[in-house]
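Okay, so the sequence shown: first residue is 520 according to this note's numbering, each after it adds one. Heads up, the beta-carbon is just placed ideally off N, CA and C, and yes, glycines get one too. Predicted model, so just to flag it, every value in this text is computed and none were measured. What follows is one structure encoded as C-alpha cells, with my remarks underneath.
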Amino acid sequence: MPRLRIRIDFDPAGPDRQLGPGKIGLLEHIAETGSISAAGRAMGMSYRRAWLLIDSLNGCFREKVIETRHGGPQGGGAALTPFGHWLVEQYRAIEQETAASVARRLAGLQTATATPGEAEPAEIKD
Numbered sequence: 520m521p522r523l524r525i526r527i528d529f530d531p532a533g534p535d536r537q538l539g540p541g542k543i544g545l546l547e548h549i550a551e552t553g554s555i556s557a558a559g560r561a562m563g564m565s566y567r568r569a570w571l572l573i574d575s576l577n578g579c580f581r582e583k584v585i586e587t588r589h590g591g592p593q594g595g596g597a598a599l600t601p602f603g604h605w606l607v608e609q610y611r612a613i614e615q616e617t618a619a620s621v622a623r624r625l626a627g628l629q630t631a632t633a634t635p636g637e638a639e640p641a642e643i644k645d
C-alpha cells in the first residue's frame with residue numbers, strides 16, 4: 520500500500536516554516552529518550568542537525584516545543600512542552616484523517632502500480 524506523507528508549509532514558506540514527518544519523528548524520539556542527542560542518533564542525524572530542527576520549530580510557533588535542562592549532577596536533558604505534545608497529536612491526527620479520506624484512491628494507485636518486469640499496467644478499478 521502506498522504511504523502518505525504530509526508536510527505542512529506555513530506562510531511565508533521556507534525550510535524553517537515547515538512541519539513534516541521528520542520534525543514530528545524527532546519530537547517523538549525526544550519524548551521517548553529525554554534527550555536531543557539520543558533522539559538525533561536514533562534518527563541517524565547529528566546533535567547539531569537535531570538542534571537546528573528543534574530551533575526552527577521553536578521559531579515557527581508562538582510557544583516552545585521542548586524544554587531543556589543543562590547538565591549537572593543529574594545530567595541534562597530535554598522534554599516536550601505541553602504545546603510540543605499537542606503539536607505531535609495534531610499532526611498525527613491530520614495524517615490519520617487524511618489517510619482515511621484518501622484510502623480508496625491510494626488503493627487504486629496501488630492497483631495501478633506495475634511490478635518490475637510487468638509488460639502492461641494493471642487494470643484500474645474506480
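Measuring only the C-alpha atoms, how far is ARG526 from PRO540? Numbered from 1 along the sequence shown, position 7 holds the residue referred to as residue 526. Numbered from 1 along the sequence shown, position 21 holds the residue referred to as residue 540. Rounded to whole angstroms, ARG526 and PRO540 show a C-alpha spacing of 7 Å.
Distance, GLY636 Cα to ASP530 Cα: One-based indexing of the sequence shown puts residue 530 at position 11. One-based indexing of the sequence shown puts residue 636 at position 117. Going by the C-alpha atoms only, they are around 43 Å apart.
Roughly how many angstroms separate the alpha carbons of ARG568 and GLY578, rounded to a whole number? Along the sequence shown, one-based indexing puts residue 568 at 49. Along the sequence shown, one-based indexing puts residue 578 at 59. Straight-line spacing of the CA atoms in ARG568 and GLY578 works out to 15 Å.
Just confirm the distance between the C-beta atoms of ARG536 and ASP528, as a whole number of angstroms; I'd bet it's less than 8 Å. Counting from one through the sequence shown, the residue named residue 536 turns up at place 17. Counting from one through the sequence shown, the residue named residue 528 turns up at place 9. With 8 Å as the limit, ARG536 and ASP528 qualify as a contact, their Cβ atoms being about 7 Å apart.
Rounded separation between MET520 and ALA612 - CA only: Sequence index remark: in the sequence shown, residue 520 carries index 1 (1-based). Sequence index remark: in the sequence shown, residue 612 carries index 93 (1-based). Rounded to the nearest whole angstrom, the C-alpha separation of MET520 and ALA612 is 20 Å.
Is it buried or exposed for HIS589, if we count other Cβ within 10 angstroms and need 16 for buried? Taking the first residue of the sequence shown as position 1, residue 589 is located at position 70. Label assigned to HIS589: exposed.
Give the straight-line distance between the Cα atoms of GLU586 and ALA598, rounded to the nearest whole angstrom. To locate residue 586, count along the sequence shown from 1; it is residue 67. To locate residue 598, count along the sequence shown from 1; it is residue 79. Distance between GLU586 and ALA598, taken at the CA atoms: about 5 Å.
DSSP three-state label for ASP528, please. Within the sequence shown, residue 528 is the residue found at index 9, counting from 1. In the structure shown, ASP528 sits in a strand (DSSP, three-state: E or B).
What do you reckon, is the C-beta of ARG560 under 8 Å from a heavy atom of the ligand COA? As far as ligands go, the structure on display features none, and thus does not contain the ligand COA.
Hey, would you say SER565 sits closer than 9 Å to LYS542, going by beta carbons? Reading the sequence shown from its first residue, position 46 is the one you call residue 565. Reading the sequence shown from its first residue, position 23 is the one you call residue 542. Taking C-beta atoms as the reference points, SER565 and LYS542 fail to come closer than 9 Å.
Beta-carbon contacts of GLY596 that lie in its chain and below 8 Å, excluding the five residues immediately before and after: Within the sequence shown, residue 596 is the residue found at index 77, counting from 1. Around GLY596: GLY553, SER554, THR587, ARG588.
Could you tell me the distance, in whole angstroms, from the CA atom of ARG624 to the CA atom of GLY603? As a first step, residue 624 must be located in the sequence shown, where it is residue number 105. As a first step, residue 603 must be located in the sequence shown, where it is residue number 84. Using only the alpha carbons, I get a separation of about 32 Å.
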